[in-house]
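To start, the structure itself, in structure tokens.
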Amino acid sequence: MEKLLVINELDQLKAISDPFRLQLLSMMAEEPKTGQMLADELNLPRAKIHYHLNQLLTHNIIALAHTVEKNSIIQKFYRPAAETIVPSINIFNLNAKNSVSSSESYSIKLTNDQFTKLTSKLDKLSVKKSEKKETATADEYAVYMMKIMKEA
Numbered sequence: 001m002e003k004l005l006v007i008n009e010l011d012q013l014k015a016i017s018d019p020f021r022l023q024l025l026s027m028m029a030e031e032p033k034t035g036q037m038l039a040d041e042l043n044l045p046r047a048k049i050h051y052h053l054n055q056l057l058t059h060n061i062i063a064l065a066h067t068v069e070k071n072s073i074i075q076k077f078y079r080p081a082a083e084t085i086v087p088s089i090n091i092f093n094l095n096a097k098n099s100v101s102s103s104e105s106y107s108i109k110l111t112n113d114q115f116t117k118l119t120s121k122l123d124k125l126s127v128k129k130s131e132k133k134e135t136a137t138a139d140e141y142a143v144y145m146m147k148i149m150k151e152a
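Per the UniProt record's numbering, the sequence shown runs over residues 1 to 152.
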């Protein structure tokens, strides 16, 4: 399982935005489960569960963990594709002409000393921001994402 899945497509965001699918994801987070196991736990028809599992699978939000053959039936066990799933900051900033993400994202390579200094400054900014109780800006979200990605 990956540490981080960044949602870059609107279809992925739509698929994961459904509250029922989020519930299914949380149920599979502890251990991989089959559609039948989920249907039994929720007391719902298996077809409804499989529809939503297929939507999540199609958009790479869940993955096949393993299969087990039982009485000549192959049971498929699913799990989330990553431990943490977050939307990309650029998901709504697509260039309509060529579907390229905004050029305001960069790949940064830091030494351990530089990273320590940066995280120290970010922590100070985070404390300062939390005292203001305002909505985060796009830049602050990018900084938050950098911290998550470094931990992954």
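For each residue, glycine too, the CB sits at the ideal point set by N, CA and C.
Report, in whole angstroms, the separation of the C-beta atoms of Pro32 and His66, which I expect to be a contact under 8 angstroms. The Cβ separation is near 7 angstroms, so the contact holds.
Go through its chain and collect everything with a Cβ distance to Thr34's Cβ below 8 angstroms, but skip five positions before and after it. Correct list, in chain order: Gln75, Lys76, Phe77, Tyr78.
Which complete alpha helix (DSSP H) runs does the segment 15 to 54 hold, if anything under 4 residues is left out? Qualifying alpha helix (DSSP H) stretches, in chain order: 19 to 30, 35 to 42.
Residues that DSSP places opposite Thr67 in a beta bridge: DSSP links Thr67 through a beta bridge to Lys76.
Buried or exposed, going by whether 16 or more other CB atoms sit within 10 Å of the CB of Ser17? If you draw a 10 Å sphere on the C-beta of Ser17, you find fewer than 16 other C-beta atoms in it, and that means exposed.
List the residues that DSSP assigns as beta-bridge partners of Thr119. Beta bridge pairing from DSSP links Thr119 with no other residue.
Val143 to Leu122, Cα distance in whole Å? Between the alpha carbons of Val143 and Leu122 lies a gap of roughly 8 angstroms.
When you compare only the Cα positions, how much space is there between residue 153 and Leu5? One cannot answer for residue 153 here, as it falls past the ends of the chain, which runs 1 to 152.
Please say whether Ile85 and Leu10 have beta carbons closer to each other than 9 angstroms? In this structure, Ile85 does not lie closer than 9 angstroms to Leu10 by Cβ.
For Ser57, the three-state DSSP class (helix, strand or coil): As written in the sequence, residue 57 is Leu, which differs from the Ser given in the question. Reduced to three states, the DSSP call for Leu57 is helix.
In this structure, what does DSSP give as the bridge partners for Glu2? Under DSSP, Glu2 forms a beta bridge with Ala82.
Which same chain residues, not among the five before or five after Pro87, have their C-beta less than 8 angstroms away from its C-beta? Once the five neighbours on either side are set aside, the close Cβ partners of Pro87 are Val6, Ile7, Leu13.
Can you check whether the C-beta of Glu2 is within less than 9 angstroms of a C-beta belonging to chain B? No chain B appears in this structure, which consists of one protein chain only.
Of the choices Ala81, Glu2, Lys48, Lys128, whose alpha-carbon is the least far from that of Leu57? Nearest to Leu57 by C-alpha distance, out of Ala81, Glu2, Lys48, Lys128, is Ala81.
Rounded straight-line distance, which links the Cα of Asn43 to that of Lys3: Lys3 and Asn43 have their alpha carbons spaced roughly 31 angstroms apart.
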